[in-house]
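Before any comments, here is the structure.
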Amino acid sequence: MSAQVVVASVQTMMGRKDRWPKDHFGLVVVDEAHHVLSDSYQSVVSHFHNHAKILGVTATPDRGDKRNLGAYFEEIAYEVGLARLVRDGYLSRIKVKKLPVTVNRRRKKTPQISRRDYIMAIKDKRGENACFELAKNVRELWKAAK
């Protein structure tokens, strides 16, 4: 392969990484690098790891499972916080809206909202109204579960 630059998803590269010799690239850039510890990402980066520098970029370096990205990456090259990005005009101001949802923590049984209703509310073009509609449905489910 004569490609000097390849742009591909991890899922695509999982099935095609063997098309390139392990030493073909000098640099592999991993977007969404907080996933690099997963099996799928490891199958790709480990193919090139000993021959290429691996640069990971992510907006969410804190993993939900608390696994440390330092287990893979040697150092943080650059870090910037949300407040600075907002102040410098790269991000819009953060707006927080309180949703009118009451949760009864004493109930042992959790009412369920259907996946379809949740997805429809999130994808709804009405934006803010969709969130309030979802909250209303959740509140009604809680009332019904009492």
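Its first residue numbered 1468, the sequence shown is counted upward by one per residue in my numbering. Just so you know, even glycine gets a beta-carbon here, dropped at the ideal spot from N, CA and C.
Comparing C-alpha positions only, which one of the options sits nearest to residue i?
i	options	result
D1529	Q1471, L1504 and A1550	L1504
T1525	V1605, E1499 and Y1539	E1499
A1550	R1534, L1536, Q1478 and K1562	K1562
M1480	L1494, S1510, S1469 and H1501	S1510
G1531	V1474, H1514 and H1502	H1502
Y1539	R1486, R1483 and V1512	V1512
Taking 6 Å as the cut-off, does the CB of residue i come closer than this to any heavy atom belonging to the ligand GDP?
i	result
L1494	In the structure shown, the ligand GDP is absent, as is every other ligand, since no ligand is present at all.
With a threshold of 8 Å on Cβ separation, who are the neighbours of residue i within its own chain once the five nearest residues in sequence on each side are excluded?
i	result
S1559	V1553
R1483	A1475
From the DSSP output, in three-state form, read off residue i for me.
i	result
V1477	helix
G1531	coil
K1562	coil
V1503	coil
D1485	helix
V1605	helix
G1556	coil
Determine the burial state of residue i: buried for a count of at least 16 other Cβ atoms within 10 Å of its Cβ, exposed for fewer.
i	result
V1477	buried
K1610	exposed
Y1557	exposed
V1474	exposed
K1533	exposed
V1639	Nothing in the structure corresponds to residue 1639, since the chain is present only between 1468 and 1613.
V1605	buried
What residues in its chain sit with their C-beta under 7 Å from that of residue i, if we drop five residues either side in the sequence?
i	result
T1527	H1501
| query | With a cut-off of 8 Å, do at least 3 Cβ pairs link the stretch 1544 to 1557 to the stretch 1514 to 1521? | reply | Segments in contact, no.
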